[in-house]
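The sequence shown: position 203 = 220 (the numbering used here), numbered continuously. Glycine included, each C-beta is placed from N, C-alpha and C at the ideal position.
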Amino acid sequence: MKQKEILLFGATGQIGRNLIRKLSKNNYKITAVTRNIHKAGYVLKTQANPGYLNLVELKTFNYSKINELMKNCNICINLIGILYENRKNQFKIIHSDLPNMLSKIAKQNNIERFIHLSALGIENAQDSEYAKSKLDGEDKIKINFKNYLILKPSIVYSVDDKFTTNFMSLLSKLPIMPLYYNGSTKFSPIHVNDLVNIIYELIERKNDNLVLECIGPEVFSFKEIIQMLLKSINKKRLLLPLPLPLAKLSAKILQILPNPLLTEDQLRLLKYDNCKTHIYKNNFDIGLVSLRKFKSEIDKYSYNWRSGGQFSKNLN
Ligand SMILES: NC(=O)c1ccc[n+]([C@@H]2O[C@H](COP(=O)([O-])OP(=O)(O)OC[C@H]3O[C@@H](n4cnc5c(N)ncnc54)[C@H](OP(=O)(O)O)[C@@H]3O)[C@@H](O)[C@H]2O)c1
């Protein structure tokens, strides 16, 4: 059987790296597009056997260069996303204009599938620019490309994430952890390997267009997640519900930092639960079960944040 060619945007991220490993092991050949080939080479080259991964540097979203790349692929996967805006990166450009352009080029080249990663629980979040731009991107793809696959994951976690690892770093240093909205927002965290298995299965199944919510097997409030992270790193901290005016003020200040821990837009988004909505089918509905449990997975890497590191004991 002819080897399938995959064009992958956003390959250096948590999901991209793990997806390259899964796809290349299963005989897919990947062209990964990145803004910085030197940084990406270091991160990516070890993810696939020689001959399965080709790295291409694109500093800007150049139409004719992307068109050239698309000519040689069967499937295009877009994993590019940002969590906050800055002078260079705006939600509209990254989450709406880029998927619009990619799906148009995919259509012109008549490729088999266009796969795009959006986000869960954004349908009602009309006051969040992140949510609006992600929804806009979904709409553009649906118009441009017939055989689309749009995946909407809840929080994706692993040792490579920017969620559990950042919070474990904060919790290991701060004496007090602020809770926004009393820590009541609900999440259905999915392990990156479960998500990657879902993407792989869907590529193999060759369904027609599909929007799919991707969730883990459990639902936790933000407070419960923080409590599990604390337990896993053997720490006790004061969890302090922050009144909304104070939360807004802290977001206003924090968002000035180059890699902000919280922005005003993220604070608005945090009001909305991030678990299955019933608007779309989810992975369980179509028989793609995610099995990995949050606590037992974080216990596998949390020793990095415990006193004593790899020589520490798990006390729970
Ligand atoms: N992780 C989660 O919990 C989660 C949850 C819901 C949805 N998602 C969505 O899933 C997708 C992948 O997530 P992830 O966690 O793997 O993301 P990530 O780790 O933040 O990586 C995103 C990738 O996007 C590329 N990128 C970022 N800004 C860019 C820009 N201005 N121009 C071009 N490329 C840019 C980067 O590639 P280079 O630096 O190599 O160019 C990076 O590899 C995103 O669309 C995200 O919104 C993620």
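Asked: Any heavy atom of ligand 1 within a distance shorter than 6 Å of the CB on Ile215?; Found: no
Asked: Looking only at its own chain, which residues have a Cβ that is under 6 Å from the Cβ of Phe239, when we skip the five neighbours before and after it?; Found: Gly200, Thr202
Asked: Distance check for Leu96 and Glu74, CA to CA, integer angstroms please.; Found: 16 Å
Asked: Measuring alpha carbon to alpha carbon, tell me which of Phe328, Asp302, Ser313, Asn66 ends up nearest His208.; Found: Ser313
Asked: When DSSP labels each residue in this structure, what does Glu22 get in the three-state scheme?; Found: strand
Asked: For Asn16, which three-state DSSP category applies?; Found: This structure cannot speak to residue 16, because the chain is shown only from 18 to 333.
Asked: From the DSSP output, in three-state form, read off Tyr59 for me.; Found: helix
Asked: Provide the residue(s) that pair with Ile132 in DSSP beta bridges, ordered along the chain.; Found: Ile94, Leu166
Asked: Here's the rule I'm using: 16 or more other beta-carbon atoms within 10 Å means buried, otherwise exposed. How should Lys157 be labelled?; Found: buried
Asked: I need the DSSP call for Phe311, collapsed to helix, strand or coil.; Found: helix
Asked: Whole angstroms is fine: what's the gap from Lys190's alpha carbon to Lys124's?; Found: 49 Å
Asked: Checking the sheet assignment: what are the DSSP bridge partners for Cys231?; Found: Pro170
Asked: Where Lys109 and Ala148 are concerned, what is the direct C-alpha to C-alpha distance, given to the nearest angstrom?; Found: 10 Å
Asked: Leaving aside the five residues before and after Lys403 along the sequence, list all residues of the same chain whose C-beta is less than 7 Å from its C-beta, in chain order.; Found: Because the chain here runs from 18 to 333, residue 403 falls outside it and cannot be looked at.
Asked: Judging by CA-CA distance, which residue of Lys223, Asp153, Glu146 is the nearest neighbour of Tyr165?; Found: Lys223
Asked: Let's see if you can read the secondary structure: which residues bound the beta strand (DSSP E) around Leu279?; Found: Unbroken run through Leu279: none, as it is neither H nor E.
Asked: Here's the rule: buried if 16 or more other CB atoms are within 10 angstroms of the residue's CB, otherwise exposed. What is Leu305?; Found: buried
Asked: DSSP three-state label for Leu152, please.; Found: helix
Asked: Closest to Phe237 by CA distance: which of Ile250, Pro206, Arg254 is it?; Found: Pro206
Asked: Which value, in whole angstroms, describes the spacing of the CA atoms of Leu256 and Met194?; Found: 5 Å
Asked: Out of Ala264, Leu308, Ile273, Asn91, which one is the CA nearest neighbour of Lys19?; Found: Asn91
Asked: Smallest Cα separation from Leu263: which of Met245, Lys248, Asn66, Leu284?; Found: Leu284
Asked: DSSP three-state call for Phe184: helix, strand or coil?; Found: helix
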